[in-house]
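For the sequence shown, our numbering assigns the number 1 to the initial residue and increments by one for each residue that follows. Note that the Cβ used here is the ideal one computed from N, Cα and C, for glycine as well.
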Amino acid sequence: MIKQALLGEFLHEAENTRKILKAIPDSALDWKPSEKNWTTGQLASHIAEVYNWYDSTFNQDVFDMGSYQYDKGDISKAENIVAKFEENVAKAQKVLEDSDESTYFNEWKMEMNGNALFPASPRVQVVRGFLYNHLYHHRGELVVYLRSTGNKVPGLYGPTADDKI
1 MIKQALLGEF LHEAENTRKI LKAIPDSALD WKPSEKNWTT GQLASHIAEV
51 YNWYDSTFNQ DVFDMGSYQY DKGDISKAEN IVAKFEENVA KAQKVLEDSD
101 ESTYFNEWKM EMNGNALFPA SPRVQVVRGF LYNHLYHHRG ELVVYLRSTG
151 NKVPGLYGPT ADDKI
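Below, the structure is given as structure tokens:
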């Protein structure tokens, strides 16, 4: 039952992520709100990358960010970021569908070279926080980036100011 709930949310929210990534024009990719922030392209690429973490989250008890490697590809075009998202989301969906609910309350942690980055937590809590909520946070940032660059924002949970009602 937990898997079905996670999968339902996953599928719904993947569609919302797809909508917002497809709304990014190439002209906005290099924009960032300050020197401390990522560019729009970097933020969008990170959003696509979160889906690459499903295998390590569901199938390993320790996710070592010190040995983690990820090829984000060419992020100079929005269509490339969307393509990477599509690749990652398909893999993530399969991982979730194949996951074993009996492991959802097993302890999981994230380390970097032996140092704890996330304290040990039940896997299902990590899925909700590290994968799902983390993604929603960054999508919210991306909404602000799109608005700040004068671009339209798609409705994720109903119409936006850009939608004609």
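Three-state secondary structure (DSSP) of residue i
i    : result
Q102 : The identity of residue 102 in the sequence shown is Ser, whereas the question assumes Gln. Helix.
E86  : helix
Per-residue burial, residue i [other beta carbons within 10 Å of its own, 16 or more giving buried]
i    : result
T70  : Note on residue identity: the sequence assigns Tyr, not Thr, to residue 70. Counting Cβ neighbours within 10 Å, Y70 comes out exposed, since fewer than 16 surround it.
S99  : buried
V126 : buried
Other residues of its chain near residue i: CB distance less than 7 angstroms, five sequence neighbours each side excluded
i    : result
N80  : G73 and D74
S148 : P33
L142 : I20, L43, A44 and I47
Q93  : F10
I2   : E101, Y104 and V124
D162 : K152 and V153
C-beta atoms of residue i and residue j nearer than 9 angstroms
i   : j    : result
I20 : L156 : yes
N52 : N88  : yes
Own chain partners of residue i with C-beta closer than 8 angstroms, once the 5 adjacent residues on each side are dropped
i    : result
A120 : E107, W108 and K109
Y68  : S56
Other residues of its chain near residue i: CB distance less than 6 angstroms, five sequence neighbours each side excluded
i    : result
L135 : V50
Per DSSP, the bridge partner or partners of residue i
i    : result
E111 : D64 and A116
P122 : E107
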